[in-house]
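> Using the numbering used here, the letters of the sequence shown correspond one by one to residues 2 to 61. Using N, Cα and C, we set each Cβ at its ideal position, and we do this for glycine too. Every value quoted in this text rests on a predicted model; they were computed, and no experiment measured them.
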Amino acid sequence: MPRDGFGREIDYLRISLTDHCNLRCAYCMPLTGNAFVPSDDLLTAEEIETVVRAAVAVGF
2 MPRDGFGREI DYLRISLTDH CNLRCAYCMP LTGNAFVPSD DLLTAEEIET
52 VVRAAVAVGF
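(1) What whole-angstrom Cβ distance do L14 and A56 have, given they're in contact under 8 Å?
(2) Check for me: the alpha helix (DSSP H) holding R15 runs from which residue to which?
(3) Excluding five sequence neighbours on each side, which residues of the same chain lie with their C-beta closer than 7 Å to the C-beta of G60?
(4) If you draw a straight line from the alpha carbon of R9 to that of I49, how long is it in whole angstroms?
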């Protein structure tokens, strides 16, 4: 089981696919402060799978 810098076991893994709503509804979007993230800058499904497989390999 992986451990953090204080020696505590890390017994979960959380993967957030995005930290922003990507629906971009006109009634909900703020006028400033929430920049559009081009899809080329987001992880692909294959890249997410690579991250998950690496996490499994170290004990998650």
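Concretely, from the data shown:
(1) Position 13 of the sequence shown, counted from the first residue, corresponds to residue 14. Position 55 of the sequence shown, counted from the first residue, corresponds to residue 56. With a Cβ gap of about 5 Å, L14 and A56 count as contacting.
(2) Translated into the one-based positions of the sequence shown, residue 15 becomes position 14. Neither: R15 is in no alpha helix (DSSP H) and is coded neither H nor E.
(3) Indexing the sequence shown from 1 puts residue 60 at position 59. For G60, where only same-chain residues beyond five positions count, the Cβ hits under 7 Å are M2 and P3.
(4) Counting from 1 along the sequence shown, the entry for residue 9 is found at position 8. Counting from 1 along the sequence shown, the entry for residue 49 is found at position 48. The straight-line gap from Cα to Cα measures roughly 26 Å.
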